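Asker: Under the working numbering, the sequence shown has 374 at position 374, and the numbering climbs by one with no breaks.
Take a look at this one; I'll ask things after.
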Amino acid sequence: MIAPEEFPARLEALRSGLSEMRRYLDVDAKRRDAAALEEKTASAGFWDDPKSAQETIAAANALKAVLKPYDELVAALDDAAAMAELAGAEPEGPGRDEAFAEAAAIAEKAEGDYEALRTQSLLNGPFDRCNAYLTLHAGAGGTEACDWVSMLLRMYSRYCERAGFDLEKMDETPGDEAGLVTCTFAVRGTNAYGLLKAERGVHRLVRISPFDSNARRHTSFASLDVVAEIEDETTVELKPEDLEIDTFRSGGAGGQHVNKTDSAIRIRHVPTGIVVTCDAERSQFANRKKAMAVLRAKVYEYEEDKKRAAMERFYGEKGSISWGNQIRSYVLQPYTLAKDLRTGHETGNVQAVLDGDLAPFIAAWLKWKSAGSPRVKGATDGAD
C-alpha cells in the first residue's frame, strides 16, 4: 500500500503523466471526432449503406476505447485526492487510517490503469486493432519441443482469458508421444494483433525433462508466428490459379464422433509456398472460409515484409527454431528466470508467466519498439 508520505508525490506523478498523455493521445481532437461520429449515427438514412454505417460505428468505438479509460483515470485521481484530503482532516485513529487506505487503493488501481492505457497508446499500427492468427511450431528438442508447444498454447490461452480475448483452435498436429508438433488458433478481440505481435519469435525452455528417466536437464525450442486478420478481401488478392486446395478427413475421438467426410481443408499458395490447414469445423465450406482468412493474413504479412526488403524481419526475429535465435528464455532449472532477450525485461516468477502473466513483457516490448528497438546490453539467457 502507498505510504502517507509517498502519496502526494505518487499522485503528482500520475497527474503529470496524464497531462502528457492528453497531449500525445490528442484527447481534445478525439472528443470532437467522437461527437461528429455520434451525430452522424443519429442522422436519417444512416443505415442505408450498411458497410459505411459499420465502419462509422467501428471508428466511434475506437475513439471511445481511448476516451473512456482516460476519463475514468481523471475521475479516479480526483477521487483519490478528495479521499486523501478527507483523511488529512480526520483526527488520528481508525477513521483516518480507513480513509487513507481507500485513497491509496484508488491511487494504486489508477497507476495500473495508467500503465494499461499507456501501453494501448503505443498500438498505432494499421492492423493493431485487428484479430490475430497465431501458429506454434515445435523446433529442436523432439518430444520435449512438442510438449513445450502444448505449454505455450496453455500460456497464451490463459493470457487471452485475462485480456478478455476469445481463442479458437483451428488446426493442430499431435506429437508422436506427447504434445503438439504444430497448432494454429485465432484470437479475437480489440488490439489482439497489436499486443500479441510482441510474442512473435522463438521461445526457449530449460527444465528437468519429465520424459527422461534419468531426470536430466533439457532445452527445448518452439516458434510462434503472429499475423493480423485482414477483413477486407480486396487488400490481398488470392487468385484461384495460385491456389492448390486439398480436402482430407480430419482426425476425431472415434466412435460416434469420428469424422466420416473429407471436411478438412489444406490450401497452398503457390507463389509464396505458404500452406494453411483448418479442420475445426465439420463443414468443408466453413473450414475453407477460415483457411482462406488465415492464408490472406499470412500472404499480406509476407508481401509487407518483401516491400521492406525484410525477409530478415519475417524470419529474422524468429530465425531457425533452435539455439541462438530465441527472443525469450524460460528457465526452470537450475534456477527460475523468464527473460526477454530483446528488451531485457525479466522475472523470477516463471510459473506466473506460464500461467499467462505476459502483460509486463508485452508492455516492455511495445515501449522498446517505440524507442527504436535499441540494442539491449548484456541480454544473455544464462543457462545451458
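Ideal placement from N, C-alpha and C gives every residue a C-beta, glycine not left out.
Source: prediction; values computed, not measured.
With DSSP collapsed to three states, give me the class of Cys-183.
Answerer: Locating residue 183 in the sequence shown gives position 183, where the first residue counts as 1. In this structure, Cys-183 counts as strand in the three-state DSSP scheme.
Asker: How would you call Tyr-193, buried or exposed, if buried means at least 16 neighbouring beta carbons within 10 angstroms?
Answerer: For this step, residue 193 is matched to residue 193 along the sequence shown. With 16 or more Cβ atoms within 10 Å of its Cβ, Tyr-193 is classed as buried.
Asker: Which same chain residues, not among the five before or five after Gly-17, have their C-beta less than 8 Å away from its C-beta?
Answerer: Reading the sequence shown from its first residue, position 17 is the one you call residue 17. Cβ neighbours of Gly-17 beyond the five flanking positions: Tyr-114 and Arg-118.
Asker: To the nearest angstrom, how far is the alpha carbon of Ala-105 from that of Leu-238?
Answerer: Looking up residue 105 in the sequence shown gives position 105. Looking up residue 238 in the sequence shown gives position 238. In a straight line, the C-alpha of Ala-105 is about 53 Å away from that of Leu-238.
Asker: As a quick exercise: from Arg-249, Pro-374, Asn-131 and Ala-107, pick the residue whose alpha carbon is nearest that of Pro-8.
Answerer: Here the question's residue 8 lines up with position 8 in the sequence shown. Ranking the options by Cα distance to Pro-8, first place goes to Ala-107.
Asker: Taking the CB atoms as reference points, tell me whether Ala-103 and Ala-87 lie closer together than 8 Å.
Answerer: For the purposes of this step, residue 103 is identified with residue 103 of the sequence shown, where counting begins at 1. For the purposes of this step, residue 87 is identified with residue 87 of the sequence shown, where counting begins at 1. In contact: Ala-103 and Ala-87 (Cβ atoms closer than 8 Å).
Asker: Suppose you measure from the CA of Glu-244 to the CA of Ala-36; what does that come to, to the nearest Å?
Answerer: As a position in the sequence shown, residue 244 is number 244, starting the count at 1. As a position in the sequence shown, residue 36 is number 36, starting the count at 1. Rounded to whole angstroms, Glu-244 to Ala-36 spans 47 Å at the Cα level.
Asker: Alpha helix (DSSP H) containing Gln-333: first to last residue?
Answerer: On the sequence shown, position 333 is the one that residue 333 refers to. Counting along the chain, Gln-333 falls outside any alpha helix (DSSP H), and DSSP gives it neither H nor E.
Asker: Please classify Asp-128 as buried or exposed, where buried requires at least 16 other C-beta atoms within 10 Å of its C-beta.
Answerer: Here residue 128 refers to the residue found at position 128 of the sequence shown. Asp-128 comes out buried.
Asker: Note down the Cα distance separating Ala-58 from Ala-140, rounded to an integer number of angstroms.
Answerer: On the sequence shown, position 58 is the one that residue 58 refers to. On the sequence shown, position 140 is the one that residue 140 refers to. If I take the Cα positions, the gap works out to 43 Å.
Asker: Report the rounded CA-to-CA distance for Val-181 versus Leu-152, giving the unit in angstroms.
Answerer: Here residue 181 is taken as the residue at index 181 of the sequence shown, counted from 1. Here residue 152 is taken as the residue at index 152 of the sequence shown, counted from 1. So the alpha carbons of these two residues sit roughly 12 Å apart.
Asker: Going by C-alpha distance, which of Thr-343, Thr-173, Arg-204 and Ala-163 is nearest Val-187?
Answerer: Walking along the sequence shown from the start, residue 187 turns up at place 187. If we check each option's Cα against that of Val-187, Ala-163 comes out closest.
Asker: Let me know the secondary structure DSSP gives Val-270 once reduced to three states.
Answerer: To locate residue 270, count along the sequence shown from 1; it is residue 270. Three-state result, Val-270: coil.
Asker: Give the C-beta separation of Val-206 and Val-74 to the nearest angstrom, bearing in mind that I take them to be a contact with Cβ-Cβ under 8 Å.
Answerer: Indexing the sequence shown from 1 puts residue 206 at position 206. Indexing the sequence shown from 1 puts residue 74 at position 74. In fact, because the Cβ distance is near 45 Å, the residues do not count as touching under 8 Å.
Asker: Alpha carbons only, please: which of Lys-169, Val-275 and Tyr-133 is nearest the one belonging to Glu-231?
Answerer: As a working mapping, residue 231 is identified with position 231 in the sequence shown. The shortest Cα separation from Glu-231 among Lys-169, Val-275 and Tyr-133 belongs to Tyr-133.
Asker: How would you call Asn-124, buried or exposed, if buried means at least 16 neighbouring beta carbons within 10 angstroms?
Answerer: Stepping through the sequence shown from its first residue, residue 124 is reached at position 124. Exposed, because fewer than 16 other Cβ atoms sit within 10 Å of the Cβ of Asn-124.
Asker: So Glu-55 is in the alpha helix (DSSP H); what residue range does that whole segment cover?
Answerer: Start at 1 with the first residue of the sequence shown, and residue 55 comes out as number 55. Element bounds for Glu-55: 50-89.
Asker: Can you tell me whether DSSP reads Ser-213 as helix, strand or coil?
Answerer: Translated into positions along the sequence shown, residue 213 becomes position 213. It is coil, neither helix nor strand.
Asker: Can we say the stretch 209-221 touches the stretch 144-151, given the rule of at least three CB pairs closer than 8 Å?
Answerer: Segments in contact, yes.
Asker: Report yes if the CB atom of Gly-179 is closer than 8 Å to the CB atom of Thr-135, and no otherwise.
Answerer: What you label residue 179 is simply residue 179 of the sequence shown in a count that begins at 1. What you label residue 135 is simply residue 135 of the sequence shown in a count that begins at 1. Contact: no.
Asker: Which residues does DSSP list as the beta-bridge partners of Lys-169?
Answerer: The count along the sequence shown starts at 1 and reaches residue 169 at position 169. Lys-169 pairs with Phe-185.
Asker: Sort out for me which residues DSSP pairs Val-276 with in a bridge.
Answerer: Here the question's residue 276 lines up with position 276 in the sequence shown. BP columns for Val-276 point to Ile-267.
Asker: Asp-28: buried (16+ other C-beta within 10 angstroms of its C-beta) or exposed?
Answerer: The sequence position of residue 28 within the sequence shown is 28, counting from 1. When all chains shown are included, Asp-28 counts as exposed.
Asker: Have a look at the DSSP bridge pairing and note the partners of Ala-228.
Answerer: Counting from 1 along the sequence shown, the entry for residue 228 is found at position 228. Ala-228 is bridged to Ala-132.
Asker: Who are Thr-247's beta bridge partners in DSSP?
Answerer: The count along the sequence shown starts at 1 and reaches residue 247 at position 247. Paired residue(s): Ile-265.
Asker: Using DSSP bridges, identify the partner residues of Lys-339.
Answerer: Counted from its first residue, the sequence shown places residue 339 at position 339. Its beta-bridge partners are Ser-329 and Glu-346.
Asker: Which stretch, first to last residue, makes up the alpha helix (DSSP H) that contains Tyr-205?
Answerer: By one-based count along the sequence shown, residue 205 stands at place 205. The displayed chain sequence assigns Leu, not Tyr, to residue 205. Counting along the chain, Leu-205 falls outside any alpha helix (DSSP H), though it belongs to the beta strand (DSSP E) covering 201-208.
Asker: Taking 8 Å as the cut-off, decide whether the C-beta atoms of Tyr-302 and Thr-272 are in contact.
Answerer: Here the question's residue 302 lines up with position 302 in the sequence shown. Here the question's residue 272 lines up with position 272 in the sequence shown. Against a cut-off of 8 Å, the Cβ pair of Thr-272 and Tyr-302 comes out as a contact.
Asker: Considering only their Cβ atoms, is the gap separating Gly-372 from Tyr-159 smaller than 8 Å?
Answerer: Here residue 159 refers to the residue found at position 159 when the sequence shown is read from its first residue. Here residue 372 refers to the residue found at position 372 when the sequence shown is read from its first residue. Their beta carbons are not under 8 Å apart, which means Tyr-159 does not touch Gly-372 by this criterion.
Asker: Are Ala-264 and Cys-278 closer than 8 Å when you measure CB to CB?
Answerer: The residue you call residue 264 lines up with position 264 of the sequence shown. The residue you call residue 278 lines up with position 278 of the sequence shown. Their beta carbons are under 8 Å apart, which means Ala-264 touches Cys-278 by this criterion.
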